[in-house]
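Have a look at the structure below, then the notes.
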Amino acid sequence: MKHFVLFLATIFVLLFLFALNRDDNGAVDSKPVVRVFGYSSFTGRWGPGPRLKEIFERNCNCQVEFIEGSDSSVLLQRLKIEGESLGADLVIGFDQFDLQKALSDQSWQRLNFSTLDLEPEIKGLIKNDYFVPYDWGVLAFMGRQGKVEEPGGLDDLLDAKYAHRIALQDPRTSSPGFQFLWWVVRSKGEDAGFQYLAKMMKQAHSFSPSWSLSLGLYNKNQADLVFSYVTSPLYYQIEERKDEHAVFDFRENLPIQIEFLAIPEFCRHCELAEKFVNLMLSPEGQKIIMEKNYMFPVLRGVKEGTPFTAAGRFTRLMKFEIPSDAEVERLLKRWTEIRRGAEAP
Amino acid sequence: MIRSGLRAGLIVFLLFPFLFLIWNFPVVHALDRAEFLWAAGNSFWQAFGSASLSLLFGLWGACGLIRYSSPARRSWRRALEVILLIPNFLPPLFVLLAALNLVDPFPMGLPGVIFIHTLMNWGLVAVVLAGLIEDKAGATAELALVEGASRRFFWRKALLPLLARDLGLLWLFVFAVCFGSFAIPLVVGGGRGTTLEVLIYEKIRLSTDWGQAVLIASLQSLFLFALSWIVARGRPALRSRRAQMRLLEMKSGVLLILLFSALLLWGYLQGFPAGWEQAGIFREMTGDLRRAFMGSLGMGLFTGFFCFGFLLLTSALLPSAWFEKVLSGYMAPSSALTSFAFLLLTPNTGFWPFVKIPLAVSLVSLPVLWRLGWQGALDSLSRQREVAKALGASEFLLWWRVLVPQTAPLAGTLAGLAAVWACGDFAMSRILAHRDLTLAMMTETLISSGYRLGLATVVSGGVLASALICFLIMKGAGHVLGRKPLS
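These protein sequence lines are chains A and B, in that order.
Note that the first sequence covers residues 77 to 421 in the working numbering.
Note that the second sequence covers residues 25 to 511 in the working numbering.
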């Protein structure tokens with residue numbers, strides 16, 4: 077039995093040493109902790125979060141702690157469950173389709189961003205007092221040049237040559253997935269749009285639960301086309317030095333996604349949170365967000381002289397709208413019925 | 025009295041997610057019957073197909089394994105068994121990555137779900153069936169060979185009738201596992217093959233309708249509970265002398281095992297070259313990787329020790345007919361529900377994720393471990409228990425001197441499996457932890473960044489290493505504890 081106890085003791089000493097070795101353990105000092113709720117690809121190692129945190133902590137005499145959620149919906153639930161007890165100071169990662177829900181679920185601090193010199197494409201689009209845009213993107217279909225025939229519009233996607241080769245996202249669980257649904261419905265009208273979606277249900281390779289999974293299927297050559305961002309090819313060019321990927325312009329105006337941040341009413345370090353927002357909206361912060369998130373900066377002039385300028389050639393954009401919570405729910409219900417074959421095309 | 029209290033306590037722990045969530049989130053909206061029935065149908069058919077194909081291929085593989093029954097070829101048998109068991113105990117993520125590399129175009133939807141589930145489960149079925157065939161049909165096979173029976177005649181008239189009940193039980197085990205599977209239908213279902221588990225996730229994520237989510241989970245568990253009662257328990261195997269099994273041996277079974285395994289390994293390794301191209305990044309990540317590796321070990325070992333403790337506790341709490349019935353029929357709620365139930369129990373900072381995640385993974389794993397061999401092991405000791413009781417042994421002495429020495433090695437192995445699952449878990453950890461604590465979470469972050477699949481494959485190698493270490497430690501703990509009380 078002695079050996080057994082020794083065996084257990086060794087294991088737990090090892091784990092204890094690991095616990096001592098963690099970065100956050102020695103951090104129980106007097107510095108205030110700014111808690112930032114964000115989605116994992118923003119706060120994770122590859123996202124802009126760590127670099128922004130590093131810069132901010134240099135001058136704020138505080139610590140930034142990221143609380144991760146896999147996406148905006150989970151973040152909102154997390155905020156509801158433990159936001160107040162934990163002390164959420166800032167929430168990052170809503171898009172236009174989350175705003176009404178976020179507004180009805182939580183109380184937020186008023187923020188003034190009217191003095192920001194925004195990019196012309198998004199200037200004047202956002203009229204609210206609580207949610208501040210920090211990046212934006214345009215969505216389109218991406219494919220490998222030379223390997224796939226370029227589609228010119230939504231109807232072309234129903235061609236037999238693309239059968240089972242298009243990777244889409246589930247609109248109920250993925251923001252780009254809802255963008256596609258919204259795009260189709262707004263471009264074609266609701267009834268015609270849903271008829272189109274019913275056909276697409278058979279035509280698409282899959283409706284993945286997240287954008288990343290659909291991109292994974294595309295990367296694995298399971299699909300020839302994927303619904304992604306116009307900045308996606310830049311990732312392959314910059315990080316993997318591959319030029320084969322391209323996004324295709326469509327006859328229909330392309331959908332636009334704007335990402336927002338907000339400060340909850342119950343924030344504990346509200347001033348520090350505002351300072352963090354200011355960093356995110358400074359040219360330095362915007363450049364970091366652009367380069368790590370592969371999204372366009374909201375601040376005018378930041379992307380000039382970078383490869384992102386070329387990606388900005390898609391200027392025929394859909395009208396920006398913030399649908400009501402009920403409208404989103406109604407469209408998703410219709411989509412759900414189509415998915416299980418209950419609504420005939 | 026204490027034992028009754030412990031029994032009730034264990035059942036309450038297992039039912040905790042249901043009880044806690046029903047208490048906090050009463051059902052306010054009526055269930056959408058059409059949607060529910062559609063998802064239930066998908067769940068049923070994918071589980072039915074997966075279980076049936078796993079059984080079919082498993083039987084074939086078992087006939088391959090039987091070729092290696094003789095003591096001289098035992099080490100080959102062990103090696104083949106390990107190869108067969110790997111996909112079943114690896115996180116689904118690995119099998120998925122490998123399958124997507126292998127099959128192009130991959131059949132998304134129900135066929136894809138069935139394909140992956142079969143890939144994951146047929147090996148386990150083969151190993152279990154090989155043992156069952158040897159123990160139950162060995163002597164009959166030898167006699168049939170001497171009598172000159174044809175292979176087809178022996179299968180039809182002897183083997184299948186002899187094993188019918190065990191085949192039913194094994195089918196039910198795979199059916200239950202696949203029925204409650206979440207990650208595979210979510211990813212491979214392609215949005216069309218929504219199952220009850222995925223529907224629960226959608227209810228929580230999309231409409232924040234916790235009441236409906238708990239209701240669906242409860243109905244799902246009740247269905248499986250009822251099903252497990254319908255299928256009667258198999259007769260205990262009568263271990264016989266080693267028999268001549270030529271009537272059952274199949275060379276094609278061995279080829280099947282080698283082919284499947286080689287393809288799976290090849291599919292998995294395909295992601296590595298792309299990952300190594302970005303090897304420079306690993307130097308920057310050294311600190312993160314080291315911490316995540318230790319985090320994986322921590323999660324794995326805590327889960328392993330929790331499960332080890334729970335399993336030994338159940339051995340002390342038997343015999344009890346109602347307790348055994350509940351454990352046999354119990355099906356854990358969806359992993360998303362379990363995680364959210366633990367999340368609602370604040371606090372969630374500091375060391376708490378290292379307690380909550382292992383507890384949540386243990387809760388989801390225990391029903392599987394129970395069916396995976398623990399129940400059978402305890403059954404086989406019931407006679408010894410009766411004898412010891414008749415001789416006047418106290419409950420504690422009986423447990424410590426008779427049961428623990430004989431069951432601890434198996435408890436260690438099963439707890440090791442739970443540790444492997446904990447090392448590979450990212451879904452529950454993602455809900456309960458505030459940031460990447462383990463390599464599996466790091467792998468998932470790399471995947472969810474969309475562009476970094478190659479790196480994710482390389483990091484997943486570390487998940488395998490941590491899982492192997494945890495498994496060996498737990499197996500060692502079982503071995504040590506099993507030996508000591510006898511000395």
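Cβ coordinates follow ideal geometry from the N, Cα and C atoms, glycine included.
Just so we're clear, the structure is a prediction, and the values are computed from it rather than from any experiment.
Rounded C-beta distance between residue i and residue j? I'm assuming under 8 Å.
{"i": "residue 127/A", "j": "residue 230/B", "result": "Rounded, the Cβ-Cβ distance is 33 Å, inconsistent with contact."}
{"i": "residue 446/B", "j": "residue 483/B", "result": "About 17 Å separates the two Cβ atoms, so there is no contact after all."}
{"i": "residue 436/B", "j": "residue 502/B", "result": "2 Å"}
{"i": "residue 69/B", "j": "residue 134/B", "result": "6 Å"}
{"i": "residue 302/A", "j": "residue 294/A", "result": "4 Å"}
{"i": "residue 67/B", "j": "residue 203/B", "result": "5 Å"}
Expressed to the nearest angstrom, what Euclidean distance is found between the alpha-carbon atoms of residue i and residue j?
{"i": "residue 497/B", "j": "residue 26/B", "result": "31 Å"}
{"i": "residue 399/A", "j": "residue 382/A", "result": "33 Å"}
{"i": "residue 112/A", "j": "residue 167/A", "result": "6 Å"}
{"i": "residue 414/A", "j": "residue 270/A", "result": "8 Å"}
{"i": "residue 53/B", "j": "residue 134/A", "result": "50 Å"}
{"i": "residue 178/B", "j": "residue 71/B", "result": "30 Å"}
{"i": "residue 189/B", "j": "residue 234/B", "result": "39 Å"}
{"i": "residue 153/A", "j": "residue 290/B", "result": "40 Å"}
{"i": "residue 47/B", "j": "residue 40/B", "result": "10 Å"}
{"i": "residue 406/B", "j": "residue 413/B", "result": "11 Å"}
{"i": "residue 355/B", "j": "residue 438/B", "result": "17 Å"}
{"i": "residue 148/A", "j": "residue 320/B", "result": "26 Å"}
{"i": "residue 563/B", "j": "residue 470/B", "result": "Since the first residue shown for chain B is 25 and the last is 511, residue 563/B is missing from the structure and cannot be characterised."}
{"i": "residue 396/B", "j": "residue 480/B", "result": "30 Å"}
{"i": "residue 109/A", "j": "residue 137/A", "result": "10 Å"}
{"i": "residue 333/A", "j": "residue 172/A", "result": "7 Å"}
{"i": "residue 121/B", "j": "residue 127/B", "result": "10 Å"}
At 7 Å on the CB atoms, spell out the chain E contacts of residue i, in chain order.
{"i": "residue 62/B", "result": "Although the question refers to chain E, the structure presented lacks it and instead comprises the protein chains A and B."}
For the candidate residues the options, whose alpha-carbon lies nearest to that of residue i?
{"i": "residue 212/B", "options": "327/A, 269/A and 283/A", "result": "283/A"}
{"i": "residue 157/B", "options": "126/B, 394/B and 269/B", "result": "269/B"}
{"i": "residue 185/A", "options": "204/A, 200/A, 199/A and 191/A", "result": "204/A"}
{"i": "residue 350/A", "options": "132/A, 116/A, 120/A and 115/A", "result": "132/A"}
{"i": "residue 293/B", "options": "488/B, 58/B, 82/B and 63/B", "result": "488/B"}
{"i": "residue 379/A", "options": "396/A, 395/A and 359/A", "result": "359/A"}
{"i": "residue 231/A", "options": "206/A, 207/A and 275/A", "result": "275/A"}
{"i": "residue 157/A", "options": "454/B, 436/B, 404/B and 369/B", "result": "369/B"}
{"i": "residue 281/B", "options": "149/B, 163/B, 176/B and 58/B", "result": "149/B"}
{"i": "residue 300/A", "options": "310/A, 212/A and 225/A", "result": "225/A"}
{"i": "residue 227/A", "options": "306/A, 376/A, 327/A and 371/A", "result": "327/A"}
{"i": "residue 223/A", "options": "216/A, 110/A, 416/A and 321/A", "result": "321/A"}
{"i": "residue 252/A", "options": "122/A, 201/A, 290/A and 278/A", "result": "290/A"}
{"i": "residue 129/A", "options": "364/A, 384/A, 210/A and 302/A", "result": "364/A"}
{"i": "residue 378/B", "options": "239/B, 273/B and 454/B", "result": "454/B"}
{"i": "residue 138/B", "options": "194/B, 208/B, 172/B and 87/B", "result": "208/B"}
{"i": "residue 183/B", "options": "203/B, 196/B, 154/B and 245/B", "result": "154/B"}
{"i": "residue 543/B", "options": "251/B, 172/B, 493/B and 164/B", "result": "Residue 543/B falls outside the range modelled here, since chain B spans only 25 to 511, and no answer is possible."}
Is DSSP giving residue i helix, strand or coil here?
{"i": "residue 308/A", "result": "helix"}
{"i": "residue 269/B", "result": "coil"}
{"i": "residue 198/A", "result": "coil"}
{"i": "residue 353/B", "result": "helix"}
{"i": "residue 411/B", "result": "helix"}
{"i": "residue 211/A", "result": "strand"}
{"i": "residue 219/A", "result": "strand"}
{"i": "residue 174/B", "result": "coil"}
{"i": "residue 86/A", "result": "helix"}
{"i": "residue 457/B", "result": "coil"}
{"i": "residue 53/B", "result": "coil"}
{"i": "residue 37/B", "result": "helix"}
{"i": "residue 281/A", "result": "coil"}
{"i": "residue 299/A", "result": "coil"}
{"i": "residue 187/A", "result": "coil"}
Uninterrupted alpha helix (DSSP H) stretches inside the stretch 325–377 of chain A (no shorter than 4 residues): 346–356 and 359–369
What ranges does the alpha helix (DSSP H) occupy inside the stretch 74–118 of chain B, keeping only unbroken runs of at least 4 residues that lie completely in it? 98–113
Jot down the residue ranges of each uninterrupted beta strand (DSSP E) in the stretch 234–270 of chain A, minimum 3 residues, whole runs only, in chain order. 242–245
In chain order, each alpha helix (DSSP H) run of at least 4 residues that lies wholly inside the stretch 112–171 of chain A: 116–119, 125–136 and 148–154
Continuous alpha helix (DSSP H) assignments of at least 4 residues falling wholly in the stretch 281–348 of chain B: 295–300, 304–308 and 310–341
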